[in-house]
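Structure follows, in structure tokens:
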């Protein structure tokens, strides 16, 4: 919003300046231009600024590329890029975000981070009906455009993912009619709601790590001190805030072997990032100090993530 300020004498207040120690009082007229309700993202030049964002957040966009290629096919990645870099003149913000949601909606962590990176703010018309008839007509036109765009969107082909019956054994089974684990996983839902938490930071690092399997498989060898500490933590009763953390079947030394195996499991071996991350976070949920340390060593192992 642009605004200019013009001092305007207020005759009613200026009639008795002797009683005003600060001199004449002026009213202020503010002239502004409201921002269109159709502007929902903080991108003035969408193609150029999205290219800049992709360069500055290369690991995140590489992870999105791998996710879309693996679950929806190479052609879907090409279509997704076409949408991402579409000018606002060709596709309104509302239609643009709805189209992107068709590709990322099954992975709330990706979609949430994408919206955050572009400064997305939902319009009130998405939550409640507009009272103005012209606005309703415009919304109806955009709704039609959203429907047409979604008709062209690819159908998501989900891969099988592991269901852990215990920490020591991983069993695979077909997806059948089950929803994607990124939706059903309580751990990933909580991460999406609190991206600033320790788990949120680790999830971002894990996503980036999966794009570099050569680095991923070397983590136990490059950071032996961390993994030795993890073995000790998972094999002992730890005092935290003067409260003992007692061993259970899920928090015993038996957790370490599945943990180190999972860390080294590449996307080629297990293509479902959501299930893979959930398994790691499930093991580490009792040791927040290990979550912090693992996030740090992932940042250290990926040079381009350093600040």
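Numbering (UniProt numbering), first residue to last: 1 to 307.
Cβ atoms here follow ideal geometry from the backbone N, Cα and C, with glycine treated the same way.
- Residue state for residue 285 is assigned as coil, using DSSP reduced to three classes.
- A distance below 6 Å between beta-carbons, with the five flanking residues on each side excluded, links residue 262 to the following residues of its chain, in chain order: 279 and 280.
- Only residues of its own chain outside the window of five on either side were considered, and among them 53, 57 and 60 have a CB closer than 8 Å to the CB of residue 117, listed in chain order.
- A straight-line Cα-Cα distance of about 43 Å links residue 50 and residue 231.
- When the Cα atoms are used, residue 75 and residue 69 turn out to be separated by approximately 8 Å.
- Rounded to whole angstroms, the separation of the alpha carbons of residue 225 and residue 85 is 44 Å.
- Residue 286 and residue 274 have their C-alpha atoms spaced approximately 20 Å apart.
- In this structure, the CA atom of residue 209 is about 6 Å from the CA atom of residue 216.
- The beta carbon of residue 80 is closer than 7 Å to those of 68 and 103 in its chain, skipping five residues each way along the sequence.
- Rounded to the nearest whole angstrom, the C-alpha separation of residue 299 and residue 223 is 12 Å.
- Here residue 72 is buried. Its C-beta has 16 or more other C-beta atoms within 10 Å.
- Taking residue 120 as reference, the option from 97, 45, 205 and 106 with the minimal CA-CA separation is 97.
- By the C-beta density criterion, residue 44 is exposed, having fewer than 16 other C-beta atoms within 10 angstroms.
- In terms of Cβ geometry, residue 202 and residue 297 do not form a close pair [threshold 8 Å].
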